[in-house]
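To keep things clear, I will list the structure first and then write my remarks on it.
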Amino acid sequence: MKAPLNCEKGELMRKKAGYISWILVICMVLSLCGCSLFNKQSDAALSLCTSFCEDVKNGDADKLIAYFDGTGVTADELREIITPSGLNVEKAFFSSCIKDSLKYNIQDPVYDYKSKTATVYLSWQQADYNCESALAATTLSGFKSAMISAPGTIITVRVTVDLSGESPRIANPKDVIDAVYAYNSVDYGIMPGLLSDYYSGGDLVLAPKGFYTNTKEIGFRINFKNELFNYRFVPGIIFTVARGDEVICVSDVITLNDNTIRLNYTSEMAGAEGLNEDGFLIEGDYTFMIFDEHSNDIATFKCEVKNEELEKENIEFEEYSNDYYLSDLVYEFTDSDMLSNAFVFKSGWWDYDGTSVGKSAFGSDTTIIGFSIAVSSDNDSALYYEYYYSEEADFSDINESEPVYQRECSPSLYEDQTCYDFDYSSGEIKPGFYGLVVYSDSSKKHIVLTAACMVVEETSADLIG
Numbered sequence: 033m034k035a036p037l038n039c040e041k042g043e044l045m046r047k048k049a050g051y052i053s054w055i056l057v058i059c060m061v062l063s064l065c066g067c068s069l070f071n072k073q074s075d076a077a078l079s080l081c082t083s084f085c086e087d088v089k090n091g092d093a094d095k096l097i098a099y100f101d102g103t104g105v106t107a108d109e110l111r112e113i114i115t116p117s118g119l120n121v122e123k124a125f126f127s128s129c130i131k132d133s134l135k136y137n138i139q140d141p142v143y144d145y146k147s148k149t150a151t152v153y154l155s156w157q158q159a160d161y162n163c164e165s166a167l168a169a170t171t172l173s174g175f176k177s178a179m180i181s182a183p184g185t186i187i188t189v190r191v192t193v194d195l196s197g198e199s200p201r202i203a204n205p206k207d208v209i210d211a212v213y214a215y216n217s218v219d220y221g222i223m224p225g226l227l228s229d230y231y232s233g234g235d236l237v238l239a240p241k242g243f244y245t246n247t248k249e250i251g252f253r254i255n256f257k258n259e260l261f262n263y264r265f266v267p268g269i270i271f272t273v274a275r276g277d278e279v280i281c282v283s284d285v286i287t288l289n290d291n292t293i294r295l296n297y298t299s300e301m302a303g304a305e306g307l308n309e310d311g312f313l314i315e316g317d318y319t320f321m322i323f324d325e326h327s328n329d330i331a332t333f334k335c336e337v338k339n340e341e342l343e344k345e346n347i348e349f350e351e352y353s354n355d356y357y358l359s360d361l362v363y364e365f366t367d368s369d370m371l372s373n374a375f376v377f378k379s380g381w382w383d384y385d386g387t388s389v390g391k392s393a394f395g396s397d398t399t400i401i402g403f404s405i406a407v408s409s410d411n412d413s414a415l416y417y418e419y420y421y422s423e424e425a426d427f428s429d430i431n432e433s434e435p436v437y438q439r440e441c442s443p444s445l446y447e448d449q450t451c452y453d454f455d456y457s458s459g460e461i462k463p464g465f466y467g468l469v470v471y472s473d474s475s476k477k478h479i480v481l482t483a484a485c486m487v488v489e490e491t492s493a494d495l496i497g
């Protein structure tokens with residue numbers, strides 16, 4: 033009677049083992065199905081976030097709007113975040129340098145079975161536009177170079193990917209765009225608007241009525257508001273010169289370092305074809321147009337150049353006593369334009385070798401006499417000068433066609449000033465009277481200034497020692 037009982041127990045154990053095996057198989061199948069579902073949903077979330085990040089990096093509002101289905105956000109609103117309207121060249125370039133530095137990294141999605149959503153962290157790296165080299169940049173090209181080597185800053189945004197529908201969908205795409213393009217809403221001290229907004233006026237130099245006569249140079253000043261130089265990346269300017277309808281000059285880009293700037297069209301810029309036989313600018317109507325370096329208009333000036341036949345001006349030296357040469361400076365400016373650009377208080381006879389015995393007198397041991405005039409650093413044109421020798425204080429015995437010395441002179445730049453040095457050191461400098469005549473150009477018709485000095489019989493050592 034016991035044997036059948038043992039058989040029943042064995043049969044029961046076999047049935048229980050079978051049930052457990054089926055349960056394990058079912059659990060394994062369910063587990064495999066869950067892993068497969070997790071991988072599929074994670075891959076879908078990763079793929080969507082990758083496409084999204086690439087579109088955010090490119091800043092294409094027409095593509096990005098597809099991620100905002102039914103949210104009420106428009107493509108125009110996205111464009112205003114990514115590339116705000118009304119940016120001038122400087123701000124647009126600044127913004128593009130930051131945008132070009134963008135890189136992204138996508139962390140593995142974390143899928144939630146219950147909510148059928150995936151959480152994904154998007155890490156964005158952009159060049160630090162507040163680093164030392166970027167803040168020190170004074171030009172746009174300098175800023176771009178600084179951004180290439182600048183350290184990166186990290187922006188991390190968590191997004192939720194909804195996987196419950198037929199296709200995955202990012203629930204908060206605007207959070208990413210707002211965070212990545214937040215730099216567009218910050219004031220970086222860059223000049224707003226156009227350079228012309230800061231233009232405050234200008235005028236022709238030495239031609240208040242718009243006429244120049246027998247001129248080698250046309251100049252004009254333009255002024256900008258002081259506030260302009262509170263900003264970064266102020267653009268330079270360019271000017272063009274037209275004679276009649278023909279453009280005859282286009283300047284290089286000129287950097288603005290002050291709120292007032294003088295611009296000149298000179299005989300050197302005109303060249304031989306732009307000058308008459310006396311070296312003056314050809315007659316005609318001249319138009320100057322000033323632009324910023326992006327070709328936006330700033331101002332226009334017009335003037336007329338006229339030429340008159342010039343007779344050579346007569347040389348005249350006033351007669352002075354010997355005592356006057358010893359006690360006073362002997363010179364006379366006859367050109368008001370040069371006088372207005374010369375520092376008269378620094379002009380006079382220059383004692384190169386320590387032989388001066390008065391303000392306009394030298395001892396007979398002198399080897400060089402010279403007259404210098406300190407001028408504005410804007411002066412760079414050549415002047416021409418001649419020296420005459422006379423035994424008489426009134427220079428009545430000189431022959432104007434026979435100077436004892438003549439030469440061209442351009443200004444020399446010294447540490448603290450700019451000077452024309454009209455020196456005479458050729459041959460024997462004997463006692464008597466020396467007259468200096470300075471001309472405005474090589475035609476030697478127009479006299480700029482005259483000066484006179486005396487060389488006494490005694491040496492400087494005899495008089496001073």
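With our numbering applied, the sequence shown covers 33 to 497.
Every residue gets a Cβ at the ideal spot worked out from N, C-alpha and C, and that includes glycine.
- request: Inspect the CB distances between the stretch 291 to 300 and the stretch 211 to 220 and report whether three or more fall short of 8 angstroms.
  value: No: fewer than three Cβ pairs fall under 8 angstroms.
field: Backbone secondary structure at residue 498 - three-state DSSP
entry: Nothing can be reported for residue 498: it is not among the residues displayed for the chain, which extend from 33 to 497.
message: Taking only three categories from DSSP, how would you classify residue 220?
response: Three-state DSSP puts residue 220 in coil, outside helix and strand.
Residue ranges of each beta strand (DSSP E) within the stretch 292 to 341, 3 or longer: Listed in chain order, they are 292 to 298, 316 to 324, 329 to 338.
task: In angstroms with no decimal places, state the Cα-to-Cα distance between residue 363 and residue 290.
output: Straight through space, the alpha carbons of residue 290 and residue 363 are spaced by roughly 35 angstroms.
field: Span separating the alpha-carbon of residue 247 from that of residue 160
entry: Approximately 54 angstroms, taken between the alpha carbons.
field: At least 3 beta-carbon pairs within less than 8 angstroms: the stretch 345 to 360 vs the stretch 262 to 280
entry: The stretch 345 to 360 is not in contact with the stretch 262 to 280.
field: Where residue 209 falls: helix, strand or coil (DSSP)
entry: Here residue 209 sits in helix by DSSP.
- request: Quick one: residues in its chain with C-beta nearer than 8 angstroms to the C-beta of residue 226, no 5 flanking neighbours on either side, listed in chain order?
  value: 120, 324, 328, listed in sequence order.
message: Quick check on the DSSP output: the beta strand (DSSP E) that includes residue 193 runs from which residue to which?
response: Secondary structure note for residue 193: its beta strand (DSSP E) is the uninterrupted segment 184 to 194.
task: Quick one: give me the first and last residue of the alpha helix (DSSP H) that residue 356 is part of.
output: Where residue 356 is concerned, the enclosing alpha helix (DSSP H) starts and stops at 354 to 359.
- prompt: For the candidate residues 138, 413, 157, whose alpha-carbon lies nearest to that of residue 444?
  reply: Nearest to residue 444 by C-alpha distance, out of 138, 413, 157, is 413.
query: How would you call residue 489, buried or exposed, if buried means at least 16 neighbouring beta carbons within 10 angstroms?
result: Exposed.
Simplified DSSP assignment, three categories, for residue 363: Strand, per DSSP.
- prompt: At a cut of 8 angstroms, does the stretch 381 to 392 reach the stretch 425 to 440 through at least three beta carbon pairs?
  reply: Touching, no, given that fewer than three Cβ pairs across the two stretches are closer than 8 angstroms.
query: If you follow the alpha helix (DSSP H) that residue 160 is part of, which residue opens it and which one closes it?
result: Unbroken run through residue 160: none, as it is neither H nor E.
- prompt: Sorted by chain position, which residues of the same chain lie with C-beta nearer than 7 angstroms to residue 84's C-beta, five sequence neighbours on each side aside?
  reply: Closer than 7 angstroms at the Cβ level, and outside the excluded window around residue 84, lie 99, 202, 205.
field: Contact set for residue 60: own chain, Cβ-Cβ below 7 angstroms, skip 5 residues either direction
entry: Only weak support is given to the placement of residue 60: the predicted model assigns it a pLDDT of 49, under 50, and the question is left unresolved by the model.
message: Can you tell me whether residue 406 is helix, strand or coil according to DSSP?
response: Shown here, residue 406 sits in a strand according to DSSP, grouped into three states.
- prompt: Can you name the residues that DSSP bridges to residue 137?
  reply: Answer is 155, bridged to residue 137.
field: Inter-residue CB distance, residue 415 and residue 441 (contact presumed, cutoff 8 angstroms)
entry: The pair is a contact, with the Cβ atoms about 5 angstroms apart (cut-off 8 angstroms).
query: Considering residue 378, what are the terminal residues of the beta strand (DSSP E) in which it resides?
result: Note, residue 378: beta strand (DSSP E), 374 to 382.
message: Could you check whether residue 367 and residue 260 sit closer than 8 angstroms to each other, using their CB atoms as the reference points?
response: No, these two residues do not count as a Cβ contact at 8 angstroms.
message: Quick check on this structure: which residue in 252, 90, 123, 495 has the alpha carbon closest to the alpha carbon of residue 333?
response: In terms of CA proximity to residue 333, 252 leads the group 252, 90, 123, 495.
- request: State buried or exposed for residue 230, treating a residue as buried only when at least 16 other CB atoms are found within 10 Å of its CB.
  value: Residue burial annotation: residue 230 is buried, with at least 16 other C-beta atoms found within 10 angstroms of its C-beta.
message: Is it buried or exposed, residue 377, if we count other Cβ atoms within 10 angstroms and call 16 or more buried?
response: Exposed: under 16 other Cβ atoms inside 10 Å.
Three-state secondary structure (DSSP) of residue 438: For residue 438, the three-state secondary structure derived from DSSP is strand.
Start and end residues, beta strand (DSSP E) containing residue 275: Element bounds for residue 275: 269 to 275.
- request: Note down, in chain order, each residue of its chain lying with its Cβ closer than 6 angstroms to the Cβ of residue 344, except the 5 sequence neighbours on either side.
  value: Closer than 6 angstroms at Cβ, skipping near neighbours: 477.
- request: Output yes or no for whether 8 angstroms exceeds the beta carbon distance between residue 374 and residue 405.
  value: Contact flag set, yes.
message: Measuring only the C-alpha atoms, how far is residue 431 from residue 347?
response: Approximately 10 angstroms between the Cα atoms of the pair.
- prompt: Does the separation of the CB atoms of residue 423 and residue 380 fall below 8 angstroms?
  reply: No, they are not a contact pair.
- request: Measure the C-alpha to C-alpha separation of residue 479 and residue 264 and round it to an integer number of angstroms.
  value: Straight-line Cα distance between these residues: approximately 47 angstroms.
- prompt: Hey, out of 249, 266, 250, whose CA is closest to residue 256's CA?
  reply: Of the candidates 249, 266, 250, the one whose C-alpha sits nearest the C-alpha of residue 256 is 266.
message: On a Cα-Cα basis, can you pick out the residue from 156, 473, 408, 486 that is closest to residue 300?
response: Across the set 156, 473, 408, 486, the C-alpha of 473 shows the shortest separation from the C-alpha of residue 300.
- request: Report the option in 157, 241, 138, 269 whose CA atom is closest to the CA atom of residue 192.
  value: Of the residues 157, 241, 138, 269, the one whose Cα lies closest to the Cα of residue 192 is 138.
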